[in-house]
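Visitor: Dumping the structure here so I can ask a few things about it.
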Amino acid sequence: MRKSFIMAAAAAAIAFTAPAFATEMVFTSWGGTTQDAQKAAWADKFTAETKINVLQDGPTDYGKIKAMVESGNVNWDVVDVEGDYAVQAGNKGMLEKLDFKVIDKSKLDPRFVTDYSVGSFYYSFIIGFNADAVGAEGPKTWADLFDTTKFPGKRTFYKWSAPGVIEAALLADGVTPDKLYPLDLDRAFKKLDTIKKDIIWWSGGAQSQQLLASAEAPYGMFWNGRLTALKATGVNVGESWEQNITAADALVVPKSAKNRDLAMKFIALATSAQGQADMATATGYAPVNTQSGQLMDAALRKTLPDQQGASQVNADMRYWAEHRDEIGERWYAWQAK
Amino acid sequence: MSVMTSTTSFAPELRQRRRPSGFAYIAPALLLIALFFIVPIASLLLRSVLEPTPGLSNYAELFGSWTYVRIFANTFLVSALVTLLSVIIGFPVAWLLAIIPNRWGSVLFAIILLSMWTNLLARTYAWMVLLQRTGVINKTLINLGLIDQPLVMVNNLTGVTIGMTYIMLPFIILPLRGVIKDIEPGILQAAALCGATKWQCLWGVLIPLALPGIASGALMVFVMSLGYFVTPALLGGTANMMVAEMIAQFVQSLVNWGMGGAAALVLLVVTLLLYAIQLRLFGVGRIGQEGQ
Numbered sequence: 001m002r003k004s005f006i007m008a009a010a011a012a013a014i015a016f017t018a019p020a021f022a023t024e025m026v027f028t029s030w031g032g033t034t035q036d037a038q039k040a041a042w043a044d045k046f047t048a049e050t051k052i053n054v055l056q057d058g059p060t061d062y063g064k065i066k067a068m069v070e071s072g073n074v075n076w077d078v079v080d081v082e083g084d085y086a087v088q089a090g091n092k093g094m095l096e097k098l099d100f101k102v103i104d105k106s107k108l109d110p111r112f113v114t115d116y117s118v119g120s121f122y123y124s125f126i127i128g129f130n131a132d133a134v135g136a137e138g139p140k141t142w143a144d145l146f147d148t149t150k151f152p153g154k155r156t157f158y159k160w161s162a163p164g165v166i167e168a169a170l171l172a173d174g175v176t177p178d179k180l181y182p183l184d185l186d187r188a189f190k191k192l193d194t195i196k197k198d199i200i201w202w203s204g205g206a207q208s209q210q211l212l213a214s215a216e217a218p219y220g221m222f223w224n225g226r227l228t229a230l231k232a233t234g235v236n237v238g239e240s241w242e243q244n245i246t247a248a249d250a251l252v253v254p255k256s257a258k259n260r261d262l263a264m265k266f267i268a269l270a271t272s273a274q275g276q277a278d279m280a281t282a283t284g285y286a287p288v289n290t291q292s293g294q295l296m297d298a299a300l301r302k303t304l305p306d307q308q309g310a311s312q313v314n315a316d317m318r319y320w321a322e323h324r325d326e327i328g329e330r331w332y333a334w335q336a337k
Numbered sequence: 001m002s003v004m005t006s007t008t009s010f011a012p013e014l015r016q017r018r019r020p021s022g023f024a025y026i027a028p029a030l031l032l033i034a035l036f037f038i039v040p041i042a043s044l045l046l047r048s049v050l051e052p053t054p055g056l057s058n059y060a061e062l063f064g065s066w067t068y069v070r071i072f073a074n075t076f077l078v079s080a081l082v083t084l085l086s087v088i089i090g091f092p093v094a095w096l097l098a099i100i101p102n103r104w105g106s107v108l109f110a111i112i113l114l115s116m117w118t119n120l121l122a123r124t125y126a127w128m129v130l131l132q133r134t135g136v137i138n139k140t141l142i143n144l145g146l147i148d149q150p151l152v153m154v155n156n157l158t159g160v161t162i163g164m165t166y167i168m169l170p171f172i173i174l175p176l177r178g179v180i181k182d183i184e185p186g187i188l189q190a191a192a193l194c195g196a197t198k199w200q201c202l203w204g205v206l207i208p209l210a211l212p213g214i215a216s217g218a219l220m221v222f223v224m225s226l227g228y229f230v231t232p233a234l235l236g237g238t239a240n241m242m243v244a245e246m247i248a249q250f251v252q253s254l255v256n257w258g259m260g261g262a263a264a265l266v267l268l269v270v271t272l273l274l275y276a277i278q279l280r281l282f283g284v285g286r287i288g289q290e291g292q
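As they're listed, the protein sequences go chains A and B. Letter by letter, the first sequence follows residues 1 to 337 in full-length UniProt numbering. Letter by letter, the second sequence follows residues 1 to 292 in full-length UniProt numbering.
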């Protein structure tokens with residue numbers, strides 16, 4: 001009896017590890033409306049073309065990536081991560097080098113390309129307000145958003161340590177965009193201290209939408225695509241693109257991913273002109289492929305972050321990658337104070 | 001009801017553990033726990049003294065920073081508050097459950113169990129909707145003219161305490177009910193006949209007799225609260241962070257497993273210490289006991 005159990009277990013183990021003819025791969029992202037769009041624009045098309053089933057998993061978890069890579073049992077093939085994490089993880093040997101014979105990077109926005117990652121979509125942090133709650137004249141600039149006399153009440157900001165909020169604080173304090181980096185953290189936290197008790201933190205896109213729609217926080221800093229989605233549901237949202245802060249998510253392949261070759265093909269499709277155009281149309285985020293614009297509806301295209309260049313501030317992903325740990329520790333310590 | 005029966009049989013089985021034959025039956029469970037719980041935990045805890053460099057640097061950082069010490073202190077504060085409220089609210093409910101006729105008892109019981117079985121996230125979000133500034137409670141109070149400004153009941157200590165107390169209540173009501181049910185009703189009658197007032201009956205007779213149940217329920221609630229994650233993360237603000245959330249941040253966002261392991265070990269040691277105190281005071285037979 002014991003023997004047959006062992007045999008069965010061994011057979012099961014072999015069945016699970018057999019690498020041979022993959023019929024499926026795993027794509028991991030952050031869930032919600034963004035991942036739905038990625039599934040429709042990329043995964044479903046990939047399946048139609050290759051007959052490879054793309055399983056959706058999530059949310060992205062850097063701890064899990066580390067655990068998988070260290071144990072050598074990597075279940076995620078393509079992962080949507082934050083741009084600064086992609087740079088850092090690549091340098092730490094957590095990621096596969098991308099195969100640019102498969103992925104055509106000549107048409108991709110070079111700001112978002114490294115040896116280990118390409119842009120996934122590109123977004124802006126913008127100012128949003130609930131026009132039903134505060135009227136049509138909402139906060140226009142980061143300085144407005146930090147001004148509790150002019151705009152009293154709660155405001156919402158992104159909870160995690162990532163490019164965005166620190167930049168907004170410095171811009172609100174009068175730092176000019178060309179002087180943002182290296183970030184003056186002391187100054188940023190001092191500015192943030194002035195509104196700390198009025199901040200409600202959002203930890204995910206859906207929560208940011210809920211806070212704004214319910215006017216629990218009638219204004220705040222949002223991913224532009226989430227406001228687009230919220231407007232589509234009929235909420236009276238006002239927004240300001242003044243000094244919008246851009247950052248990009250990145251697509252990466254964890255080291256020793258089981259379906260490395262499929263992953264490269266998947267990324268090739270995802271970053272193709274059509275893949276990026278479909279994704280941008282669905283989400284209101286901008287494409288990282290410079291050829292996508294002409295494939296899109298002209299009116300819609302005007303609303304995307306890449307058409308707001310005049311007052312745009314680029315978050316410096318390389319700076320963030322280098323200082324990610326240091327900023328993160330200070331950030332969370334400050335939040336918990 | 002299965003919850004009850006399984007805990008009822010717990011104590012007698014433990015008394016039989018000296019018989020060698022019994023060990024074979026629990027071997028699969030032990031193996032499972034060893035493989036999927038003890039080994040991973042041990043490897044995470046090992047990292048706390050090995051990463052980034054061998055030594056106690058992670059612990060030095062953990063205890064050397066006011067931020068982390070405050071987070072631990074806040075965790076104990078919240079757990080203590082939740083435990084206290086759970087005992088105060090849970091005791092009358094357990095008492096009622098123990099003495100009302102079975103028919104009504106099972107209805108009440110079903111309500112309590114049903115709340116336990118509902119998805120935790122759904123319940124926590126429900127509290128968010130109820131408690132927030134523009135939520136049902138605030139709107140009602142404002143419409144009734146009882147308050148002018150909305151009460152701040154979420155993203156702070158109040159929100160965490162309310163949400164967690166609600167979730168923890170069944171864990172104190174169920175064991176307490178069993179203990180109270182076991183108390184011979186004649187004892188209370190005798191006390192009353194001898195001239196004890198209602199308060200004397202309660203404080204001098206019922207509560208002392210129910211004390212082991214209160215203690216084991218309170219310990220369970222306290223220990224569960226120490227490691228709680230979802231509710232504090234959603235209903236609390238960043239200023240009320242609890243240890244579990246801090247560990248998650250170390251493990252998932254900062255990918256600093258050394259610090260994560262160190263914080264986890266401190267939490268584990270505290271929990272085991274509390275458990276040891278409980279054993280010392282009330283003995284193994286009483287832990288989680290429902291009564292025979």
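Built from N, CA and C at the ideal position, the CB exists for glycine as well.
1) Are A:Lys154 and A:Ala213 closer than 8 Å when you measure CB to CB?
2) With a threshold of 8 Å on Cβ separation, who are the neighbours of A:Phe268 within its own chain once the five nearest residues in sequence on each side are excluded?
3) List the whole-angstrom C-beta distance separating A:Asp80 from A:Asp261, where the pair is believed to meet the contact cut-off of C-beta under 8 Å.
4) Give a yes or no on whether the C-beta atoms belonging to A:Asn224 and A:Ile127 are separated by under 8 Å.
5) What residues from the stretch 215-249 of chain B come within 7 Å of chain A, judged by C-beta to C-beta, listed N to C?
6) Taking C-alpha atoms, which residue in A:Ala321, A:Tyr319, A:Val252 and A:Ala333 lies nearest to A:Phe121?
7) Using a Cβ-Cβ cutoff of 7 Å, what residues of the stretch 136-168 of chain B are near chain A? List them in chain order.
8) Can you check whether the C-beta of B:Pro252 is within less than 8 Å of a C-beta belonging to chain A?
9) With a threshold of 6 Å on Cβ separation, who are the neighbours of A:Ala321 within its own chain once the five nearest residues in sequence on each side are excluded?
10) For a contact defined as C-beta to C-beta under 7 Å, what are the partners of B:Val255 on chain A?
11) Counting contacts by CB-CB distance shorter than 8 Å, is A:Glu216 in contact with chain B?
12) Tell me which residues of the stretch 318-335 of chain A have at least one Cβ-Cβ distance to chain B shorter than 9 Å, keeping chain order.
13) Name, going along the chain, the residues of the stretch 53-66 of chain B whose beta-carbon falls closer than 9 Å to a beta-carbon of chain A.
14) At which residues does the alpha helix (DSSP H) containing B:Glu184 begin and terminate?
15) Report yes or no: do three or more beta-carbon pairs, one from the stretch 192-208 of chain B and one from the stretch 278-296 of chain A, lie closer than 8 Å?
16) Is there a Cβ of chain B sitting closer than 8 Å to that of A:Lys337, yes or no?
17) For the beta strand (DSSP E) that B:Phe63 lies in, which residues bound it at each end?
18) Leaving out five residues on either side along the sequence, give the residues of the same chain with a beta carbon under 8 Å from the beta carbon of B:Val129.
19) Assign A:Asn73 to buried or exposed, taking buried as 16 or more other Cβ atoms, counted over all protein chains shown, within 10 Å of its Cβ.
20) Counting only the same chain and skipping the five closest in sequence on each side, list residues whose C-beta sits under 8 Å from that of B:Leu56.
21) I need the boundaries of the beta strand (DSSP E) containing A:Gly119, first residue and last residue.
22) Where are the alpha helix (DSSP H) runs, 4 residues long or more, that stay fully inside the stretch 127-207 of chain A, in chain order?
23) Count the other C-beta atoms from every protein chain shown that fall within 10 angstroms of the C-beta of B:Val39, then say buried if there are 16 or more, exposed otherwise.
24) At which residues does the beta strand (DSSP E) containing A:Ala248 begin and terminate?
25) In whole angstroms, what separates the C-alpha of B:Met164 from that of B:Trp95?
26) Give the residues from the stretch 134-168 of chain A that approach chain B closer than 8 Å (Cβ to any Cβ), ordered along the chain.
27) Which of the three DSSP states is assigned to A:Leu98 in this structure?
28) Let me know the beta strand (DSSP E) ranges lying completely inside the stretch 34-110 of chain A, each 3 residues or longer, listed in chain order.
29) Are the CB atoms of B:Met241 and B:Asn74 within a distance shorter than 8 Å?
30) Under 7 Å between beta-carbons, which chain B residues line up against A:Ile195? List them in chain order, please.
31) Using DSSP with H/G/I as helix, E/B as strand and the rest coil, what is A:Trp30?
32) Ignore the nearest five residues each way along the sequence and tell me which others in A:Trp30's own chain have a CB closer than 7 Å to its CB.
33) Please go through the same chain and pick out, in chain order, the residues whose beta-carbon is closer than 8 Å to the beta-carbon of A:Met279, but skip the five residues on each side of it.
34) Applying the criterion that 16 or more other CB atoms from any shown protein chain within 10 Å of the CB defines a buried residue, is A:Ala8 buried or exposed?
35) For B:Pro175, which of B:Ala239, B:Gly90 and B:Lys139 has the nearest alpha-carbon?
36) Run through DSSP, which three-state label would B:Asn74 get?
Guide: Considering the structure as presented:
1) With respect to A:Ala213, A:Lys154 sits apart: the two C-beta atoms are not nearer than 8 Å.
2) Residue 268 of chain A is actually Ala in this sequence, not Phe. Setting aside the 5 residues that flank it on each side, A:Ala268 is surrounded in the same chain by Val102, Ile103 and Asp104, each with a C-beta closer than 8 Å to its C-beta; the list follows chain order.
3) In this structure A:Asp80 is not in contact with A:Asp261, their Cβ atoms being roughly 19 Å apart against a cut-off of 8 Å.
4) It is not a contact, given that the beta carbons lie outside the stated cut-off.
5) Going along the stretch 215-249 of chain B in chain order, one finds Thr238, Ala239, Met241 and Gln249 with a Cβ nearer than 7 Å to chain A.
6) The shortest Cα separation from A:Phe121 among A:Ala321, A:Tyr319, A:Val252 and A:Ala333 belongs to A:Val252.
7) For the stretch 136-168 of chain B, residues whose beta-carbon sits nearer than 7 Å to a beta-carbon of chain A comprise Asn155.
8) Inspection of the sequence shows that residue 252 of chain B is occupied by Gln rather than by Pro. Proximity of B:Gln252 to chain A, defined by a Cβ-Cβ separation below 8 Å, is satisfied.
9) Cβ-Cβ distances below 6 Å link A:Ala321 to Asp84, Val87 and Gln88 in the same chain, with the five nearest sequence neighbours on each side left out; the list follows chain order.
10) Within 7 Å Cβ-Cβ: Tyr62, Gly63 and Lys66.
11) True, the Cβ-Cβ gap to chain B drops below 8 Å.
12) Identification of residues in the stretch 318-335 of chain A having a C-beta nearer than 9 Å to some C-beta of chain B yields Arg324, Asp325, Gly328, Glu329, Tyr332, Ala333, Trp334 and Gln335, given in sequence order.
13) Going along the stretch 53-66 of chain B in chain order, one finds Ser65 and Trp66 with a Cβ nearer than 9 Å to chain A.
14) Annotation: B:Glu184 is outside any alpha helix (DSSP H) and is labelled neither H nor E by DSSP.
15) Output reads no: the stretch 278-296 of chain A does not touch the stretch 192-208 of chain B.
16) Residue contact check for A:Lys337 against chain B: a CB pair falls below 8 Å.
17) Where B:Phe63 is concerned, there is no enclosing beta strand (DSSP E), although the alpha helix (DSSP H) it sits in stretches over Ser57 to Gly64.
18) Annotation for B:Val129: Gly135 and Val136 place their beta carbon closer than 8 Å to its own, counting only its chain and skipping 5 residues before and after.
19) It is exposed - the Cβ of A:Asn73 has fewer than 16 other Cβ atoms within 10 Å.
20) So the list reads Val49, once near-sequence residues are dropped.
21) Start and end: Val118 to Asn130.
22) With a minimum length of 4 residues, the continuous alpha helix (DSSP H) runs that stay inside the stretch 127-207 of chain A are 131-134, 142-145, 165-172 and 185-193.
23) With fewer than 16 other Cβ atoms within 10 Å, it is exposed.
24) Counting along the chain, the beta strand (DSSP E) containing A:Ala248 begins and ends at Val237 to Val252.
25) Distance between B:Met164 and B:Trp95, taken at the CA atoms: about 22 Å.
26) The stretch 134-168 of chain A vs chain B, Cβ under 8 Å: Lys154, Lys159, Trp160 and Ser161.
27) Reduced to three states, the DSSP call for A:Leu98 is coil.
28) With a minimum length of 3 residues, the continuous beta strand (DSSP E) runs that stay inside the stretch 34-110 of chain A are 53-57 and 78-82.
29) Going by C-beta atoms, B:Asn74 is nearer than 8 Å to B:Met241.
30) Per Cβ cutoff of 7 Å: no residues; A:Ile195 is ~13 Å from chain B at best.
31) DSSP places A:Trp30 in coil when its eight states are reduced to three.
32) In its chain, beyond the 5 residues on either side, Gly58, Pro59, Thr60 and Asp80 have a beta carbon closer than 7 Å to the beta carbon of A:Trp30.
33) Answer for A:Met279: Ala37, Gln38, Ala41, Trp42, Phe121, Ala270, Tyr285 and Pro287, listed in chain order.
34) Any reading at A:Ala8 needs caution, since the residue's pLDDT is 49, under 50, leaving its predicted position unreliable; the model's value is listed next. Exposed, because fewer than 16 other Cβ atoms sit within 10 Å of the Cβ of A:Ala8.
35) It is B:Gly90 whose Cα lies nearest to the Cα of B:Pro175.
36) The three-state secondary structure of B:Asn74, taken from DSSP, is helix.
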